[in-house]
Amino acid sequence: MRSFRPPPSGPRGSGFLAAGFLASAFALACSDADSAEVAEARARIEAEFGPRDAPARPAATGDAAAGQSEPRVEEPEEADGAAPSEDVPVPAPELPDPEGTGPVDVDDGPAPADDDPGPVDDESGQVGVDSLLALANSAYASLDRLKAAFAQRIENPLLGRTREGRGTWYQAGRNRFRMDFDEPAGDIYVADGSCLWLYEPSLHDQVMVSPLEDGVEIGTVDILGRLLSQARTTYDAVDEGTGEIDGVETRIVSLTPRELPARYVEVRLWIGVSDRYVRRFRIREENQTLRTVTLTPLEPQARIDPGVFEYAPPEGVPVFPDDVRCD
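When we follow the numbering used here, the leftmost residue of the sequence shown carries the number 12, and every step to the right adds one.
See the structure below:
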């Protein structure tokens, strides 16, 4: 077993997509018998990355499902002078999955879009915000593969630090993911289907690993999928008008959680008008960390070598914890 070397005490940046699982990995691996050095490193990681996500709640059934809020249904206006029709039964709207957060195996393809967009156009001919979110979720769920250049900015007011990065984003399904950083050079995040790997040589010479299990970490890897699948059921949406990302016209939608506490207390999405793909998302976490990710240009259904989602730690670099099995 390789010995664990705690991260150096120099400047550290806040974590990116792997934030939720890192503190958990330390909490599971460190016992009361740990050395003072390891315990101190654990405390630093927990302070910087925050707690692990709570497991997704199971979908409500039976009477419990009755308590779930139903999507707003707009009723058509009656024509002037026409009596309301009482004889024609109106079919009840189909309810989407109240959670929509379950894991999706990449081998089975993306999750089917079960949201009914409902009425599409308002009086101006523009897609309504609820329909826009449903269409964006459908567009994203239909993707088998996605490749994009990314730019990322993380502002952590608690630590008074800002960290920026850019590189290439690869994704296949909900649990295969890779971020290759050009800046900082050499940093990499990989979800290989069974484990999530984090290596940031720009911060410290150590690989962090955590298993993807029980659906707990899937939302941490696939933040965008999580946001879109929950946008209409757990958030209140406001249309903030239009914007432009790299020459692409977008609609800007802000989301506020209906209940607190919530992992994301503020969300903003830039959704392409022509193709419904999200070009930028901004999230403020419970600890007030603000993350902005811009994806452009996008390559939907790009050809991606499956080997992109494989990862082997560099020779001689310690892995923590070193007893995690990734099959």
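Even glycine gets a Cβ: it sits at the ideal position worked out from N, Cα and C.
Among all the DSSP beta bridges, which residues are the ones paired with residue i?
i	result
residue 320	Beta-bridge pairing links residue 320 to no other residue.
residue 269	Bridge partners of residue 269: none, in fact.
residue 203	187
residue 177	162 and 194
residue 288	DSSP, once it has assigned bridges, lists no residue as partnering residue 288.
residue 255	260
residue 280	264 and 292
residue 221	207
residue 246	268
residue 330	218
residue 307	None, per the DSSP bridge assignment.
residue 302	165 and 294
residue 182	157 and 188
residue 275	296
residue 172	167
Kindly list the residues whose CB is nearer than 8 Å to the CB of residue i, restricted to its own chain and excluding five residues on each side of it in sequence; keep chain order.
i	result
residue 290	256, 257, 259, 261, 281, 282, 283, 305, 306, 307 and 309
Taking the C-alpha atoms as reference points, what is the distance between residue i and residue j?
i	j	result
residue 297	residue 239	19 Å
residue 252	residue 194	32 Å
residue 191	residue 211	11 Å
residue 270	residue 156	33 Å
residue 243	residue 263	15 Å
residue 204	residue 249	35 Å
residue 232	residue 319	16 Å
residue 125	residue 149	Confidence at residue 125 is low in this model, with a pLDDT of 47, below 50, so its placement is unreliable and the value that follows should be read with caution. Between residue 125 and residue 149, the C-alpha separation is close to 8 Å.
residue 247	residue 159	29 Å
residue 267	residue 223	28 Å
residue 132	residue 285	Low per-residue confidence applies at residue 132: pLDDT is 48, beneath 50, and the placement is therefore not dependable, though the value from the model is reported in the following sentence. Each residue's alpha carbon lies about 14 Å from the other.
residue 161	residue 336	30 Å
residue 138	residue 254	15 Å
residue 241	residue 183	20 Å
residue 219	residue 316	24 Å
residue 178	residue 272	33 Å
residue 325	residue 274	33 Å
residue 142	residue 323	43 Å
residue 186	residue 314	17 Å
residue 144	residue 196	35 Å
Take residue i and list the residues in its own chain whose beta-carbon comes closer than 6 Å to its own, dropping the five residues that flank it on each side.
i	result
residue 163	176 and 304
residue 295	276, 277 and 301
residue 198	192, 211 and 213
residue 151	239
residue 27	Low per-residue confidence applies at residue 27: pLDDT is 37, beneath 50, and the placement is therefore not dependable, though the value from the model is reported in the following sentence. Around residue 27: no qualifying Cβ.
residue 265	249, 251 and 279
residue 338	205
If residue i sits next to residue j, beta carbons under 8 Å apart, how far is it from one beta carbon to the other, in whole angstroms?
i	j	result
residue 181	residue 172	Actually they do not touch by this definition, with Cβ atoms about 27 Å apart.
residue 209	residue 200	6 Å
residue 292	residue 235	6 Å
Which same chain residues, not among the five before or five after residue i, have their C-beta less than 7 Å away from its C-beta?
i	result
residue 75	Legend: pLDDT at residue 75 = 41, less than 50; position of this residue unreliable, value from coordinates given subsequently. Here the set comprises nothing.
residue 312	154, 155 and 156
residue 321	203
residue 299	168 and 169
residue 355	It is not possible to answer for residue 355, since the shown part of the chain is limited to 12 through 338.
I want to see whether chain D comes within less than 7 Å of residue i, judged by CB atoms only; does it?
i	result
residue 178	Here there is only one protein chain, and chain D is not present.
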